Amino acid sequence: AVEYARLAAQSFQESGKTGMALRARNGLGYMLVFTRRLAEGQALLLSCLHDAVRQGLRAHAEVSLGHLTLVTAELHAWTILVQFVAFTSEPSWEYAQHMIGRRIREELGRAREALGEAAYQQAWTTGTGLSLEDVVDLADQLALLPDSPVMYPNLTPREREVLALVSQGHPDRKVARLLGMTPGTASKHVGTLLGKLGLHNRVELARWAIEHAPPATLDSAQPSEQPRS
1 AVEYARLAAQ SFQESGKTGM ALRARNGLGY MLVFTRRLAE GQALLLSCLH
51 DAVRQGLRAH AEVSLGHLTL VTAELHAWTI LVQFVAFTSE PSWEYAQHMI
101 GRRIREELGR AREALGEAAY QQAWTTGTGL SLEDVVDLAD QLALLPDSPV
151 MYPNLTPRER EVLALVSQGH PDRKVARLLG MTPGTASKHV GTLLGKLGLH
201 NRVELARWAI EHAPPATLDS AQPSEQPRS
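Straight run, no breaks: the sequence shown in the working numbering ends on number 229.
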């Protein structure tokens, strides 16, 4: 299914059907998350989210957010999960019987139990008042959570944060804003990463980040010392 989704996305893109290509990529991202290839799925869904926003495709953006909600559940990022669901305001999740709807409903129950009723309601209220730009920023920050699978050995914590954001295609200006540093400092971190890893450009850096992300588990947040095979 993963391979067919890749082929579909490629075929739609080559034929100029960008909306269908985005739909196929969203589906592929969901499959990657479902099969526990969390780092790849998270990176792809974030890319889909940014593409949808850039193209003004709100419905596709909300699909990306729905799938990213499953990432927040794996990371136990309960407040962000509730805010995502509240932002999309999808009432069918309350009774949906399809797989994603049931899963999101279950995760909302876990979020309510983990947060407590007061914090849950506060997160929901906050989510309903967010703008699309706010939600995109929240999604971008998922890679910075302690349990995120987008973590790498032999790098400083700051370098890991920069690498996680670069792997999502963000320019130095956006990396700097998300991490509270100057664009110049972000650029220096990127240069250091290229030197440490023996790479030549940001494209190679992003590819390396995805290929070497350790498998996600619910039991351990520690980075693996071995790259994904």
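Note that beta-carbon positions come from the ideal geometry of N, C-alpha and C, so glycine has one too. All values derive from a computational prediction rather than experimental measurement.
Between VAL71 and LEU32, the gap from beta carbon to beta carbon reaches 8 Å or more. Going by beta carbons, THR125 and PHE87 fall outside the 8 Å limit.
Assignment of MET181 by DSSP, reduced to helix, strand and coil, places it in the coil class.
Using a Cβ distance threshold of 8 Å, GLU161 and LEU142 do not count as a contacting pair. Annotation: VAL82 to MET181 spans about 29 Å, alpha carbon to alpha carbon. Between ALA5 and LEU22, the C-beta spacing is not below 8 Å.
At least 8 Å separates the beta-carbon of PHE84 from that of LEU115. In this structure, ILE210 keeps its C-beta atom at 8 Å or more from the C-beta atom of LEU138. DSSP, read as helix, strand or coil, puts ARG37 in coil.
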